[in-house]
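Trainee: Its first residue numbered 13, the sequence shown is counted upward by one per residue in this note's numbering. Glycine included, every Cβ here is placed at the ideal spot set by N, Cα and C.
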Amino acid sequence: MSRLLAKSSGETLAEHTEWCLRAAKELLATLPFPDPERQTLEQEVLLAVALHDLGKAASGFQRVLRGEQKNWGGKRHEILSAAFASSLPGIMPSVLLAILTHHKALPSDGITSPAFGCLPPEQIPYEGDVTPIFEEMVQEWEENRALFKYEWEKICGVLGRHDLTIVRFELKKGLSLAREWLIRGSGKRGQLYAIPFIQRYRAALVRGLTIASDHLGSARYIPSWIPDLKSFTVLHQNPRPFQERVGSIQGSAILRAPTGSGKTEAALLWAQRNQCPNARLFYVLPYTASINAMYKRLGPGTSSSMPGVFGKQHVGLLHSRATAALYSMLESSEDDCSRLERQEGARTLSDLARQIWFPIRICTPHQILRYALRGKGWELMLAEFPKACFIFDEVHAYDPRMVGLTLATAKLANRWGARCLFMSATLPKFLEVLICDSLGEISIVTPDPSMQEDREVLDRKRHMVELREGNIWDNLNEILEAVKSEGRTLLVCNHVRTAQQVFDHLQSHLGDEVCLLHGRFNNEDRNRIESRLIGLPLPRVLIATQVVEVSLDVDFDQAFLEPAPIDAIIQRMGRVNRGGKRKPAKIVVFTKQVNKHHLYCECSGETHDESCKVLISIERLRAIPNPVSEHDLMKAADYVYGVGYRGQERQAFEEGLNHPDIADFEKRLLAGAHQDWVEQVIESTDGILEVLPTSLVEKYENKRAQGLWIEANALLVPIRVRSLSYLRDKLNTSTDPWTLSSPYSSIRGLEL
């Protein structure tokens, strides 16, 4: 054995460490910190990176890497690395903790399950209390001391610290890190009580950057510079007055403007004005489909003739299904080899988006909350949130808990110098007040009716709204006649089952001219359906659930809608006569829905309570004279939500806003660990899990056998967790993934 390895691929310890150090140096150069702070941080991070894998020199670990031994019996090389580092004079606790926890978190406290990647306490060698298993590890390391010396000298050369080559390493002394650092509890012996916040913060930051450098170095991806957003063109014509005002604001702001008026361009002008040196941009959207569309718009572009604003090298996609979405976007021929290459490319892009790589990230609020609630990888927030720009596009008032959590996170980021822009076509006045309460007095911009170009936006009358008694099912014959006479028609139902029933009826009359879209299609079929809708011409009839509200840039001639809160109705209306270039289009809103379960309220039966926002929305729409202007709709949203949340809604909002893990972030910051429950909450994307219809099992297994795991996973269908109770007899939980014996078709989706 001539060289010590770091990877089973044959990469040596010095080679791997050199790549990690290169990644760390470039990464540190992109941080939004003052030079003195960055230079001090650089000393700690580079030292941690240089030392992080030295424990791999142990003879047993080397035998594993060379395929001579199956495993190392559960021994942890990072514990040996940390003991090695403890021999260095003046070594900082932040460096030791980063090395010790760069793979696994702090030892379990008896509450956190060891299965969630905790260090084994029986291996940790505190000074004066060295364990037998650690003594075995030291002995194995000593067997390779001569080989190690060569690797260490090369590492010190890259680090520029030749003085470290003469240090005498006494591994048997154990770990010089105080025990309190490794105790999770909040008692007097625990880290939260015994270690000051500033030290915990620093240790968490060093850990996050060390782990990121290790991951990037392992993949041989070296971070590039952070672009100046001002160097890109975001608007190809003169800005409207409201866009110009938003683009001139220094600091956080609120933008309220109609759909199709150029809010996105205004937001990007704001980001150009507010970007600090090395600061990141987070563009936050509520749904994955709208995120995928925005990723194309800002990153790779939609076609060769429609390039993205910033280019794919600068923009990352971050949501729970990002890998599958990227796979569908990457061009490839259909042979298995190129599909496997495309799969690897998608996985790499998705992994990089989770790292501190792309300076511009398109993501859901859930992914921002992953950091704020200290889910896995949360430490990168400490490097990326300071001075960043956050664009929150469409904060939905009808989800009070998510509004509260979002404002709590914005408030936290604001304390670190971040700037936030909240924008929506339907942002009620009370939400403006809540945002100002959280962030302080900030600028609020709306189109100015005294300015001609802004007035054109506000006065634009795209719709004729009719409130019709009854529900969509009872009016199908009239709808069918309207379809035959009026052109492309959108029907939006509140429930999948209703949409499927309406689809069956209309398809029996119109055949393939009818298309169905809802949330219970698998990714393979949903991508196919959405591609058909994006490509022209549109189908004669689209029957959809609320997924159409934000997912697609489509333009129908008329619409029939089930009742919903005013902001949801406005979003649905925005898919009809989108540009306002045709005569006002007919919008029929029914006063009742088909399904007995109300989606947006807690009302029971067919009637709504007087205070119900669905009922108030219907009555307010009834009072607006036709044709309806954008200004009318904005005033309607204010009227419906009035003074804001009350009762249970207010309680849900307060729970989100005052969530202790965000409100008391400094007090609860535990360096070296993450909260495992956050992953379950974030990845489940609000109570959704994926199952495999039994009719697709054979197809799934064939794709897995070919190594096409993304295509295989694209066959899984999302269902809500609350559906499990009545699906118990059809669900097989002994398989991975779970299988469901309910009917599934590529045209109708999953039937429950």
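When you compare each of R552, T557, A18 and A576 to Q570 by their alpha carbons, which one comes out closest?
Mentor: For the residues R552, T557, A18 and A576, the minimum Cα distance to Q570 belongs to R552.
Trainee: For a test of the three-state rule: what should DSSP assign to C432, helix, strand or coil?
Mentor: Strand at C432.
Trainee: Given a cut-off of 9 Å, decide if V258 and L267 are closer than it, judged by their beta-carbon atoms.
Mentor: Result yes, Cβ atoms of L267 and V258 sit closer than 9 Å.
Trainee: Rounding to the nearest angstrom, what Cα-Cα distance links L241 and L43 in this structure?
Mentor: So the two alpha carbons sit approximately 16 Å from each other.
Trainee: Using a threshold of 8 Å, is the CB atom of V218 nearer than that to any non-hydrogen atom of the ligand FMN?
Mentor: Although the ligand FMN was asked about, the structure shown includes no ligands whatsoever.
Trainee: Name the two residues that bound the continuous beta strand (DSSP E) containing Y295.
Mentor: Looking at the DSSP string, the run of the beta strand (DSSP E) that includes Y295 is L293 to V296.
Trainee: My assumption, with CB atoms under 8 Å, is that V559 sits in contact with G531. Please give the rounded CB distance.
Mentor: V559 to G531, Cβ: 5 Å. Contact.
Trainee: Taking DSSP as the reference, what is the three-state secondary structure of P705?
Mentor: Strand, per DSSP.
Trainee: Check each candidate in H609, R658 and K625 and name the one with the smallest Cα separation from R509.
Mentor: The shortest Cα separation from R509 among H609, R658 and K625 belongs to H609.
Trainee: Which partner residues does G169 have in the DSSP bridge list?
Mentor: Per DSSP, none; premise fails for G169.
Trainee: When you compare the region 458–468 with the region 674–687, are there three or more beta-carbon pairs, one atom per stretch, that lie closer than 8 Å?
Mentor: No, because fewer than three Cβ pairs between the region 458–468 and the region 674–687 fall closer than 8 Å, the two stretches do not touch.
Trainee: Return the bridge partner residues of R405 from the DSSP annotation.
Mentor: A small correction: the amino acid at residue 405 is Asp; Arg does not occupy that position in the sequence shown. DSSP, once it has assigned bridges, lists M435 as partnering D405.
Trainee: In three-state DSSP terms, what is G197?
Mentor: Of the three classes helix, strand and coil, the one that applies to G197 here is coil, per DSSP.
Trainee: Give me, in chain order, the residues of the same chain whose beta-carbon lies closer than 6 Å to that of L625; leave out the 5 immediate sequence neighbours on both sides.
Mentor: Residue identity differs from the one stated: residue 625 is Lys in this sequence, not Leu. These residues qualify, in order along the chain: P577 and V652.
Trainee: Quick one: Cα of S696 to Cα of Y612, how far?
Mentor: Summary for S696: the model assigns pLDDT 45, below 50, so the residue's position carries little reliability; its value from the coordinates is reported in the next sentence. Cα to Cα, S696 sits roughly 21 Å from Y612.
Trainee: What's the gap between the Cα of T745 and the Cα of I541?
Mentor: C-alpha separation (whole angstroms): 29 Å.
Trainee: Per DSSP, what are the beta-bridge partners of Y138 in this structure?
Mentor: DSSP output for Y138 lists D141 and L187 as bridge partner(s).
Trainee: Assuming G668 contacts V415 (C-beta within less than 8 Å), just tell me the rounded distance between them.
Mentor: With a Cβ gap of about 7 Å, G668 and V415 count as contacting.
Trainee: Closer than 8 Å is the cut-off here; do at least three beta carbon pairs connect the region 196–211 with the region 149–165?
Mentor: At 8 Å Cβ cutoff, the stretches do not touch.
Trainee: Once DSSP output is grouped into helix, strand and coil, what is the label at L118?
Mentor: Note: L118 maps to coil in three-state DSSP.
Trainee: Which runs of the beta strand (DSSP E) at least 3 residues long sit entirely within the region 712–749? Give them in chain order.
Mentor: Those beta strand (DSSP E) runs which fall completely within the region 712–749 and span 3+ residues are 729–732.
Trainee: How should W237 be labelled, buried or exposed, when 16 other C-beta atoms within 10 angstroms of its C-beta is the threshold for buried?
Mentor: With fewer than 16 other Cβ atoms within 10 Å, it is exposed.
Trainee: DSSP state of G761, grouped into three classes?
Mentor: Residue state, collapsed to three classes: strand.
Trainee: For the alpha helix (DSSP H) that contains M476, what are its first and last residues?
Mentor: Looking at the DSSP string, M476 is not in any alpha helix (DSSP H); the run it does join, the beta strand (DSSP E), is K473 to R480.
Trainee: Please go through the same chain and pick out, in chain order, the residues whose beta-carbon is closer than 6 Å to the beta-carbon of G499, but skip the five residues on each side of it.
Mentor: Same-chain partners within the cutoff: D569.
Trainee: I'd like the span of the beta strand (DSSP E) that includes T501, first residue to last.
Mentor: T501 to V504 is the extent of the beta strand (DSSP E) around T501.
Trainee: Tell me which same chain residues have a C-beta within less than 6 Å of the C-beta of K324, skipping the five on either side of it?
Mentor: Only G311 and P312 meet the Cβ criterion.
Trainee: Label L548 either buried or exposed according to how many other C-beta atoms from any shown protein chain fall within 10 Å of its C-beta, with 16 as the threshold for buried.
Mentor: L548 comes out exposed.
Trainee: Any idea if K593 is buried or exposed, counting beta-carbon neighbours within 10 angstroms, 16 or more meaning buried?
Mentor: By the 10 Å Cβ count, K593 comes out exposed.
Trainee: Quick one: is L338 buried, meaning 16 or more other Cβ sit within 10 Å of its Cβ, or exposed?
Mentor: Only weak support exists for where L338 lies, its pLDDT of 49 falling under 50; the coordinates are left without a value.
Trainee: How about G452 and C288: are their beta carbons less than 9 Å apart?
Mentor: No, they are not a contact pair.
Trainee: Should I454 go down as buried or exposed, given a rule of 16 or more other Cβ atoms within 10 Å for buried?
Mentor: The residue in question, I454, is buried, as its Cβ has 16 or more Cβ neighbours within 10 Å.
Trainee: Could you give the uninterrupted runs of the beta strand (DSSP E) lying entirely in the region 502–535, keeping only those of 3 residues or more?
Mentor: Within the region 502–535, the complete beta strand (DSSP E) runs of at least 3 residues are 526–529.
Trainee: According to DSSP, simplified to helix, strand and coil, what is A265?
Mentor: DSSP places A265 in strand when its eight states are reduced to three.
Trainee: Would you mind working out which of V61, A305 and T603 sits nearest L171, comparing C-alpha positions?
Mentor: Nearest C-alpha to L171: V61.
Trainee: Return yes when the Cβ of R474 is within less than 9 Å of the Cβ of V640, no when it is not.
Mentor: Contact flag set, yes.
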